[in-house]
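Residue numbers (this note's numbering): 1 to 116.
Shown next as structure tokens:
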């Protein structure tokens, strides 16, 4: 009975990543032409500026929850399905809100790329 030889199938990116690790020389990122570099830098800066409001809203959400609990201590007594509302706000509210913020920011960044 002959043994079947196993072959590893990987994507080209995986092969490049493995090859970079094995090479002793330092891997250099390919250089863009001057015009493309300037456009890429301008786009990067514009997207960074556009990301600040989403980041601030996320921090306001996460850091504002303790403030809401301090202002309204009665939220601990309100229960929904036997679970305190404050716990639900901490465990459930941030994740959908962050997903909405991420989608909003992604659409804004994509629009900016399409405009340029």
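Each residue gets a CB set at the ideal place from its N, CA and C atoms; glycine is no exception. All of these numbers come straight from a predicted model, not from anything done at the bench.
In the structure shown, what three-state DSSP assignment does residue 83 receive? strand
Identify, in the order they occur along the chain, each residue of the same chain with its Cβ nearer than 8 Å to the Cβ of residue 80, setting aside the five sequence neighbours on each side. 88
Out of 73, 34, 36, 92, which one is the CA nearest neighbour of residue 61? 92
Extent of the continuous alpha helix (DSSP H) to which residue 92 belongs: Taken as a continuous stretch (DSSP letters only), residue 92 belongs to no alpha helix (DSSP H), as it is neither H nor E.
So residue 109 and residue 50 are supposed to be a Cβ contact under 8 Å. How far apart are they, rounded? 6 Å
Assigned secondary structure, residue 52 (DSSP; H/G/I helix, E/B strand, else coil): helix
Residue 78 in three-state terms, based on DSSP: coil
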